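Each residue of the sequence shown is one higher than the one before, counting from 6 in the numbering used here. The C-beta atom is built at its ideal place from N, Cα and C for all residues, glycine as well. Being a predicted model, the structure only gives us computed values, none of them experimental. What follows is a short report on a single structure.
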Amino acid sequence: MNQEEYYNNIDRVFRLPRVWSNRELKKIAHLFEGNVVNVSGWKDIDKEGGFYKDYFTSASSYTITNYKREAKGFQGLDNEIFLDLEADLTKELIGKFDTVFNHTVLEHIFEVRKAIKNLCLLTKDIVIVVVPFLQVMHGDYGDYWRFTPVTMEKLFEVNGMKMITCTFNSHRNASVYLFCVASKKPEKWKHITNKNSYYEDPVQSDNGFQNWVGCHAIDNKVYMKSLNKVSIFQKLRKKLKNYVK
């Protein structure tokens, strides 16, 4: 089974975007050295039978942070620390890590600006964030936000970071995740910087609107067919008028 066949035969609400984002992380995780932290990482599982720790093959250390146990939080694991993203960081955590990773957590934090600020304070250089652009509401511990590439770019910018890449899945009738990487040293990462727009979909849309992120997620075939019928009717009407003349 090839990748496209695999994607076509799995849950499109939660699993497909997760698998896609895992593939994106695997492309670049080996590039990041030093101290890596998975913030609010629960058990660090990638939901494909693996662990995110194993993605970061060049890391010298790997830490997990968690919050409340009832919100898929603190587990008592090795190299795990307690961290509330809505509270001020302790001094010893500021700039402690070289790479900060955070997967589908920010939508569950009401004070999202504070959470982003803390992610940026934790790192000396890199922040990797996966967030939903389009997905059904979920999580009994709160689900507050959905994000666009422009939102993420601005949130990083106000915290002194530059978003160097932001990709998204363009599968039809599926949830859409953003995979964003920001840096405090963007000149160091020119080889992975997006050369195209952060929000333009490379796959041509057939829904009649802008070819932007999310353009394949909502089936618009009924509307497009109705437009096509109107267009055909108008052409026939014009021909009949010309014939009568």
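Are the beta-carbon atoms of residue i and residue j separated by less than 9 Å?
i: residue 112; j: residue 136; result: yes
i: residue 125; j: residue 132; result: yes
i: residue 17; j: residue 176; result: yes
i: residue 20; j: residue 48; result: no
i: residue 160; j: residue 123; result: no
i: residue 185; j: residue 134; result: yes
i: residue 115; j: residue 43; result: no
i: residue 162; j: residue 203; result: no
Whole-angstrom Cβ separation of residue i and residue j, contact assumed at under 8 Å?
i: residue 179; j: residue 22; result: 7 Å
i: residue 39; j: residue 57; result: 16 Å between Cβ atoms; not a contact.
i: residue 104; j: residue 41; result: 5 Å
i: residue 71; j: residue 87; result: 7 Å
i: residue 138; j: residue 128; result: The pair is not a contact, with the Cβ atoms about 23 Å apart (cut-off 8 Å).
Count the other CB atoms within 10 Å of the CB of residue i; is the residue buried (16 or more) or exposed (fewer)?
i: residue 93; result: exposed
i: residue 207; result: exposed
i: residue 26; result: buried
i: residue 149; result: exposed
Nearer than 8 Å: is that true of the beta carbon of residue i relative to any heavy atom of the ligand ADP?
i: residue 167; result: The ligand ADP is not part of this structure, which contains no ligands at all.
Are the C-beta of residue i and some C-beta of chain D separated by less than 9 Å?
i: residue 104; result: As a matter of chain content, chain D is missing from the structure shown, which is built from one protein chain.
* Evaluate contact between the segment 164 to 175 and the segment 187 to 202, counting only Cβ atoms and requiring at least three cross-stretch pairs below 8 Å. => Touching, yes.
* To do: Ignoring anything shorter than 3 residues or poking outside the segment 12 to 89, list the beta strand (DSSP E) runs there in chain order.
  => Qualifying beta strand (DSSP E) stretches, in chain order: 39 to 43, 64 to 71, 85 to 87.
* Which ranges would you report for the beta strand (DSSP E) in the segment 128 to 178 if only whole runs of at least 3 residues count? -> Those beta strand (DSSP E) runs which fall completely within the segment 128 to 178 and span 3+ residues are 128 to 139, 167 to 173.
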